[in-house]
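Read the structure below first, then the notes.
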Ligand SMILES: NC(=O)c1ccc[n+]([C@@H]2O[C@H](COP(=O)([O-])OP(=O)(O)OC[C@H]3O[C@@H](n4cnc5c(N)ncnc54)[C@H](OP(=O)(O)O)[C@@H]3O)[C@@H](O)[C@H]2O)c1
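In the numbering used here, the protein residues as written are 1157 to 1425.
Structure follows, in structure tokens:
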């Protein structure tokens, strides 16, 4: 399964604020990333957008994603919040608009916010729509509401220390691409024994092995970094080939080490 509508390597911008967000986005574009991931809640859309604008890279060569925060899910707020995102990003549309988390405790019914999401696509605010942190149950319901083949991706936590195998398989079977967030487990992959061994054998880093593993399993990854050399390595990782045996070794690492589990998270299934 190859899907050119979502580039396999993206640059994540969570935690990057102010000048750091501007510089990191600029560096990421400079080393060759053409897929940038931000969100309303990251409070950096303006800096990310400025870096994109100042880069002089044609807009249609950059795949830009943002995510709608659940405070904006109500019908009266959704579209206005997306318009604000576009203004901050200084673009007329994004390439992908995601629901960042399902509404906590179903406070806003899924039908209400997914209808608004679909409307954003119809009105040309985004080319594609998708979801994030959706469980299997949420995915079923979302397909019921939006129809088949409308959800481009489910952006979820996946890395070698938490392979999220069942949900990954479930989505991929329904042609929903997986975007793996926190693909480096916020740096924890660097300490893993198996990844370190494989990295030594291949003369690379555990981070690159983690990203290559995701790529070989047909997942998109969106690593973040403030270090330009790391960014270049992260982008190049998609060229690393792993054997079936090496992939199996990494599959077997899984420590169920979920990192992102806020109190508003759904009951994971
Ligand atoms: N949808 C969601 O709910 C959700 C949740 C979390 C994250 N995300 C997305 O996923 C993106 C990635 O997650 P994340 O930023 O939390 O974590 P991450 O990408 O797993 O890890 C980032 C950390 O890894 C280090 N790092 C990066 N490249 C490295 C390399 N080649 N060698 C060694 N260390 C390296 C970075 O340090 P340096 O700066 O020193 O390189 C940074 O501390 C976010 O930016 C965001 O866009 C989405």
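Built from N, CA and C at the ideal position, the CB exists for glycine as well.
Tell me the residue span of the alpha helix (DSSP H) that contains residue 1353. By 1-based counting over the chain shown, the position of residue 1353 is 197. In the DSSP assignment, residue 1353 falls within the unbroken alpha helix (DSSP H) covering 1349 to 1357.
Please determine whether the Cβ atom of residue 1256 lies at a distance below 7 Å from any heavy atom of ligand 1. Start at 1 with the first residue of the chain shown, and residue 1256 comes out as number 100. Answer for residue 1256: yes, Cβ within range of ligand 1.
Alpha carbons only, please: which of 1237, 1402, 1329, 1350 is nearest the one belonging to residue 1411? Translated into positions along the chain shown, residue 1411 becomes position 255. Nearest C-alpha to residue 1411: 1350.
May I ask you to check if the CB of residue 1311 is nearer than 7 Å to at least one heavy atom of ligand 1? Mapped onto the chain shown, residue 1311 falls at position 155. Distance from the C-beta of residue 1311 to the nearest heavy atom of ligand 1 is below 7 Å.
Three or more C-beta pairs below 8 Å linking the stretch 1365 to 1374 and the stretch 1334 to 1345: Using a Cβ-Cβ distance cut-off of 8 Å, the stretch 1365 to 1374 and the stretch 1334 to 1345 are in contact, since at least three pairs of beta carbons, one from each stretch, lie closer than that value.
In whole angstroms, what separates the C-alpha of residue 1257 from that of residue 1216? If you number the chain shown from 1, residue 1257 lands on position 101. If you number the chain shown from 1, residue 1216 lands on position 60. If I take the Cα positions, the gap works out to 27 Å.
Please name the residue in 1358, 1259, 1347 whose C-alpha comes closest to that of residue 1420. By 1-based counting over the chain shown, the position of residue 1420 is 264. Looking at the Cα atoms, 1259 is the closest of the given residues.
Do residue 1178 and ligand 1 come close, with the Cβ less than 7 Å from some heavy atom? For the purposes of this step, residue 1178 is identified with residue 22 of the chain shown, where counting begins at 1. Incorrect: residue 1178 has no Cβ contact closer than 7 Å to ligand 1.
For residue 1158, is the classification buried or exposed, using 16 other Cβ atoms within 10 angstroms of its Cβ as the cut-off for buried? The residue labelled residue 1158 in the question sits at position 2 within the chain shown. Because residue 1158 carries a pLDDT of 40, less than 50, the predicted location of this residue cannot be relied on, and the following value inherits that uncertainty. Burial check for residue 1158: the Cβ neighbour count within 10 Å stays below 16, so the residue is exposed.
Among the residues of its own chain, which have a CB less than 6 Å from the CB of residue 1382, if the five just before and after it don't count? Within the chain shown, numbered from 1, the residue matching residue 1382 stands at position 226. These residues qualify, in order along the chain: 1180.
Within 10 angstroms of its Cβ, does residue 1193 collect 16 or more other Cβ (buried), or is it exposed? Position 37 of the chain shown holds residue 1193. Residue 1193 comes out buried.
Buried or exposed (CB count within 10 angstroms, at least 16 for buried), residue 1355: For the purposes of this step, residue 1355 is identified with residue 199 of the chain shown, where counting begins at 1. Within a 10 Å sphere around the beta-carbon of residue 1355 sit 16 or more other beta-carbons, which makes this residue buried.
Go ahead and pull the three-state DSSP assignment for residue 1192. As a position in the chain shown, residue 1192 is number 36, starting the count at 1. In the displayed model, residue 1192 falls within a strand according to three-state DSSP.
Segments of 3+ residues assigned as beta strand (DSSP E) that fall wholly inside the stretch 1331 to 1409: Taking only runs of at least 3 residues, the beta strand (DSSP E) segments lying wholly in the stretch 1331 to 1409 are 1333 to 1337.
Measure the Cβ-Cβ separation of residue 1286 and residue 1252 and say whether it is below 8 Å. If you number the chain shown from 1, residue 1286 lands on position 130. If you number the chain shown from 1, residue 1252 lands on position 96. Taking 8 Å as the Cβ cut-off, residue 1286 and residue 1252 qualify as a contacting pair.
Using a threshold of 7 Å, is the CB atom of residue 1332 nearer than that to any non-hydrogen atom of ligand 1? Here residue 1332 refers to the residue found at position 176 when the chain shown is read from its first residue. For ligand 1, not one heavy atom lies less than 7 Å from the Cβ of residue 1332.
The beta strand (DSSP E) enclosing residue 1164, as first and last residue numbers: Taking the first residue of the chain shown as 1, we reach residue 1164 at position 8. Careful: residue 1164 lies outside any beta strand (DSSP E) and carries neither H nor E.
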